[in-house]
Amino acid sequence: MYRFQVGIAEDDPPEVAPGEAALTGPFIAGPGPSRPDRASPPEVEPIPDTPEGFARLFDLYARRIHRYVTRRLGTSEADDLVGQTFLIAFERRQRYAAASVGALPLLYGIATNLIHRKRRDEVRQYLAYSRSQPAAVDQHTAPFAADVAARVDAASAARILTGVLAGLRQAERDVLLLYAWEDLGYAEIAEALNVPIGTVRSRLHRARRALRSALGPDFEENLS
Amino acid sequence: MTEIDLLKRVRDDVPEPDPLVLARARQRLLTAPPVRRRVVRPRLVVAGGLALILAGGFLAADVMSRDGNSAVPGATADAGTFLADAAAKAKADPEVSIPPGKFRQVTTERTFLYKFGPKKEFTATEHLRQDSWVTADPSRPYTLRIQELAKVDFATPQDKAAARRYAPFLLGHPKPRLGRATCRGVLIEPDTQTAPCTPSWEFPSPAFLAGQPRDPDELLAALRKYTPPVLPRHGVPERQLELARAGVMSPDQRAFGRIASALNSGFAPADLRAALYEAARKIPGMRLTDDVETLDGRHGRAIGLAVNEGQRLDLIISPSNGQSIGSRLLDVGNGTATNDVVYSAESFTTRITPTQPLTK
Numbered sequence: 420m421y422r423f424q425v426g427i428a429e430d431d432p433p434e435v436a437p438g439e440a441a442l443t444g445p446f447i448a449g450p451g452p453s454r455p456d457r458a459s460p461p462e463v464e465p466i467p468d469t470p471e472g473f474a475r476l477f478d479l480y481a482r483r484i485h486r487y488v489t490r491r492l493g494t495s496e497a498d499d500l501v502g503q504t505f506l507i508a509f510e511r512r513q514r515y516a517a518a519s520v521g522a523l524p525l526l527y528g529i530a531t532n533l534i535h536r537k538r539r540d541e542v543r544q545y546l547a548y549s550r551s552q553p554a555a556v557d558q559h560t561a562p563f564a565a566d567v568a569a570r571v572d573a574a575s576a577a578r579i580l581t582g583v584l585a586g587l588r589q590a591e592r593d594v595l596l597l598y599a600w601e602d603l604g605y606a607e608i609a610e611a612l613n614v615p616i617g618t619v620r621s622r623l624h625r626a627r628r629a630l631r632s633a634l635g636p637d638f639e640e641n642l643s
Numbered sequence: 022m023t024e025i026d027l028l029k030r031v032r033d034d035v036p037e038p039d040p041l042v043l044a045r046a047r048q049r050l051l052t053a054p055p056v057r058r059r060v061v062r063p064r065l066v067v068a069g070g071l072a073l074i075l076a077g078g079f080l081a082a083d084v085m086s087r088d089g090n091s092a093v094p095g096a097t098a099d100a101g102t103f104l105a106d107a108a109a110k111a112k113a114d115p116e117v118s119i120p121p122g123k124f125r126q127v128t129t130e131r132t133f134l135y136k137f138g139p140k141k142e143f144t145a146t147e148h149l150r151q152d153s154w155v156t157a158d159p160s161r162p163y164t165l166r167i168q169e170l171a172k173v174d175f176a177t178p179q180d181k182a183a184a185r186r187y188a189p190f191l192l193g194h195p196k197p198r199l200g201r202a203t204c205r206g207v208l209i210e211p212d213t214q215t216a217p218c219t220p221s222w223e224f225p226s227p228a229f230l231a232g233q234p235r236d237p238d239e240l241l242a243a244l245r246k247y248t249p250p251v252l253p254r255h256g257v258p259e260r261q262l263e264l265a266r267a268g269v270m271s272p273d274q275r276a277f278g279r280i281a282s283a284l285n286s287g288f289a290p291a292d293l294r295a296a297l298y299e300a301a302r303k304i305p306g307m308r309l310t311d312d313v314e315t316l317d318g319r320h321g322r323a324i325g326l327a328v329n330e331g332q333r334l335d336l337i338i339s340p341s342n343g344q345s346i347g348s349r350l351l352d353v354g355n356g357t358a359t360n361d362v363v364y365s366a367e368s369f370t371t372r373i374t375p376t377q378p379l380t381k
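So the protein lines, in turn, are chains A and B.
Letter by letter, the first sequence follows residues 420 to 643 in my numbering.
Letter by letter, the second sequence follows residues 22 to 381 in my numbering.
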């Protein structure tokens, strides 16, 4: 049964076969906290019931799903997984009929579960990225000192953060990236991952704490 | 700035998806084949970074058709001479400008090989046809019609029989898709809200090409330079990923792939074509192949560059007028001519037309 247990963390959800987690259990409509920084309400696309309807859904969201998978696994994997995501969604469309958040979070959920099968590749990619050498500063393309410094800082931060991503638990990484990269709200993430909102909050809190810790005290002081 | 803001910038410059990849995934959805539970299917081999660069996506599979033409590479000096001659002819033979109210129709034929089955033991050649109707104003969106699976060739009856089981979408006859486009290959259908893409070397629009320098040195510098895609969100270039890509594709390979993309678009005016040829002359390692046949049966000479280990990208140019008429991506195997395998091919023609199909 899908639960809304605000404030209750669930660190160890039951094991669910990859690709299935977002498909199991009824999706019970219910209010959830919308993301505070969202500029406008999320677009809710109903679950279509025909191949043509899903083709329209594909036109709407395929690029977003592809981009999400690409950021986590790379282009080649994204090329494969996007099609599978929509095919699985189509096959299980009856189960989505009651979803209150529309199709997009559910597509993210399926894609995320498909990504789990490649988690070693994902982590390896983050580690390689975090261990790469800093980019050399090209004075011809970045002639302004302030801009150069900003680029170097951004590159350093990116290496640090990818190192943190590699070290996070899979469940925390899922929540963090759906929140940060895909701008999903708590309720949408909960629906996507089939976990309570409280779990989303606690996982996100831990992940953000890990990020801040890795960025160091200077960053936290500036933040405060 | 919070840690979330910083994280948003990480891996933010991933490339846009290949329209052809999306088109094929969409087609599979329409034919509703059984869901494959295995995620790790032996994926299509995207022919290096060049597959994306090549004309809206030359998607390459594994074993391909034999190239029936001789592919004996010539000397680099010959390639340079031929390119210089082609540049001169292109300048001397500019295309007819588009009269007001009329259109330049660019018709493109593409093939790519698809391998399927449990062990990828079956192959099919997919044909795609694309027509664009461009107005005299390069900044205007243009009409685009894409016919996926215009034809599918099977090498053997066994391949066709296997398609019924493993790849039924190959036996479908999808209707042409018609809509407006701002970037080559990206269709904005009237009944969807697909966002327009941003023109780039990989997805050139007429306006994008019109704004490129004509000086060969400046043009080559622009072609060689890595420019992260301009994305609608965040849009901060990530230099680490840039470096990673640079390790895969050299600036010269990137430049040559972009030259192919620009020429294959059919949108490059004569002065830009000439500049692209002159820029290609400055890329070391270019090879010339005589008498190469395009997909639509025309003959030309090919300028080729090794783009990946064991692969070569050929641009096919008409020696009579310096017009680019197509391209192909080859697996050159061990380097002997008889082992050349065509991964993908493309040809295009242009003509002035008084009308275009009406979109909704």
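Backbone N, C-alpha and C define an ideal beta-carbon position, used for all residues, glycine too.
Residues that residue i contacts on chain A, provided the C-beta gap is smaller than 9 Å
{"i": "R30 of chain B", "result": "A573, A576, A577 and L580"}
{"i": "P38 of chain B", "result": "A481, R482, H485, R486, T489, T494, A497, D498 and V501"}
{"i": "V328 of chain B", "result": "Here the premise fails: no neighbours, minimum Cβ distance about 17 Å."}
Beta-carbon gap between residue i and residue j smaller than 8 Å
{"i": "E601 of chain A", "j": "Y527 of chain A", "result": "yes"}
{"i": "L191 of chain B", "j": "P470 of chain A", "result": "no"}
{"i": "G200 of chain B", "j": "L170 of chain B", "result": "no"}
{"i": "G318 of chain B", "j": "P340 of chain B", "result": "no"}
{"i": "E607 of chain A", "j": "P524 of chain A", "result": "yes"}
{"i": "S306 of chain B", "j": "A327 of chain B", "result": "It should be pointed out that residue 306 of chain B corresponds to Gly in this sequence rather than to Ser. For G306 of chain B and A327 of chain B, yes; Cβs fall inside 8 Å."}
{"i": "R294 of chain B", "j": "L309 of chain B", "result": "no"}
{"i": "E314 of chain B", "j": "A108 of chain B", "result": "no"}
{"i": "G502 of chain A", "j": "A46 of chain B", "result": "yes"}
{"i": "A626 of chain A", "j": "L587 of chain A", "result": "yes"}
{"i": "A231 of chain B", "j": "P159 of chain B", "result": "yes"}
{"i": "V353 of chain B", "j": "G331 of chain B", "result": "yes"}
{"i": "R302 of chain B", "j": "A105 of chain B", "result": "yes"}
{"i": "P237 of chain B", "j": "A276 of chain B", "result": "no"}
{"i": "I529 of chain A", "j": "V488 of chain A", "result": "no"}
{"i": "I167 of chain B", "j": "A44 of chain B", "result": "yes"}
{"i": "Q589 of chain A", "j": "R538 of chain A", "result": "yes"}
Close Cβ partners of residue i (< 8 Å) along its chain, the five nearest in sequence each way excluded
{"i": "R279 of chain B", "result": "I74, W222, E223 and L244"}
{"i": "P120 of chain B", "result": "A157 and I373"}
{"i": "I25 of chain B", "result": "none"}
Assigned exposure category for residue i - 16 Cβ within 10 Å defines buried
{"i": "S226 of chain B", "result": "buried"}
{"i": "D292 of chain B", "result": "exposed"}
{"i": "D499 of chain A", "result": "buried"}
{"i": "P404 of chain B", "result": "No information on residue 404 of chain B is available, as it lies outside the stretch 22 to 381 that chain B covers here."}
{"i": "R368 of chain B", "result": "As written in the sequence, residue 368 of chain B is Ser, which differs from the Arg given in the question. Classification of S368 of chain B: buried, given that the 10 Å Cβ count is 16 or more."}
{"i": "E510 of chain A", "result": "exposed"}
{"i": "E239 of chain B", "result": "exposed"}
{"i": "T164 of chain B", "result": "buried"}
{"i": "L379 of chain B", "result": "exposed"}
{"i": "T504 of chain A", "result": "buried"}
{"i": "D33 of chain B", "result": "buried"}
{"i": "T531 of chain A", "result": "buried"}
{"i": "S153 of chain B", "result": "buried"}
Within chain A, partners of residue i - CB distance below 7 Å
{"i": "E367 of chain B", "result": "In chain order: nothing, as chain A lies at least about 19 Å away."}
{"i": "L240 of chain B", "result": "The contacting residues do not exist; L240 of chain B stays about 17 Å from chain A at best."}
Cutoff 7 Å; reference residue i; Cβ partners in own chain excluding five residues on either side
{"i": "R372 of chain B", "result": "Q126"}
{"i": "T581 of chain A", "result": "Y545, Y548 and S549"}
Partners in chain B for residue i, counting only beta-carbon separations shorter than 7 Å
{"i": "L630 of chain A", "result": "E24 and L28"}
Listed by chain order, chain A residues near residue i by CB distance under 8 Å
{"i": "L316 of chain B", "result": "Those do not exist, as L316 of chain B stays about 24 Å from chain A at its closest Cβ, beyond 8 Å."}
{"i": "A105 of chain B", "result": "Neighbours of A105 of chain B on chain A: none; closest Cβ ~29 Å, over 8 Å."}
Residues near residue i in its chain [Cβ-Cβ closer than 6 Å; skip 5 each side]
{"i": "A188 of chain B", "result": "F137"}
{"i": "Q544 of chain A", "result": "none"}
{"i": "L336 of chain B", "result": "A281, I324 and S348"}
{"i": "S345 of chain B", "result": "L284 and I338"}
{"i": "A183 of chain B", "result": "G138 and F143"}
{"i": "V173 of chain B", "result": "A145, E147 and L191"}
{"i": "R578 of chain A", "result": "S549"}
{"i": "D311 of chain B", "result": "R322"}
Beta-carbon separation (whole angstroms), residue i vs residue j, contact threshold 8 Å
{"i": "T132 of chain B", "j": "H148 of chain B", "result": "5 Å"}
{"i": "P272 of chain B", "j": "T494 of chain A", "result": "About 20 Å; that fails the 8 Å criterion."}
{"i": "A585 of chain A", "j": "L634 of chain A", "result": "The pair is not a contact, with the Cβ atoms about 15 Å apart (cut-off 8 Å)."}
{"i": "P13 of chain B", "j": "E116 of chain B", "result": "Absent from the model: residue 13 of chain B. The displayed extent of chain B is 22 to 381, so no value can be given."}
Listed by chain order, chain B residues near residue i by CB distance under 8 Å
{"i": "A474 of chain A", "result": "R47, L50 and L51"}
{"i": "A599 of chain A", "result": "I25, L28 and K29"}
{"i": "R550 of chain A", "result": "Neighbours of R550 of chain A on chain B: none; closest Cβ ~10 Å, over 8 Å."}
Contacts that residue i makes with chain B (C-beta to C-beta distance below 9 Å)
{"i": "L634 of chain A", "result": "E24 and L27"}
Residue i: CB within 7 Å of a non-hydrogen atom of the ligand SAM
{"i": "V594 of chain A", "result": "As for the ligand SAM, it is missing from this structure, which has no ligand bound."}
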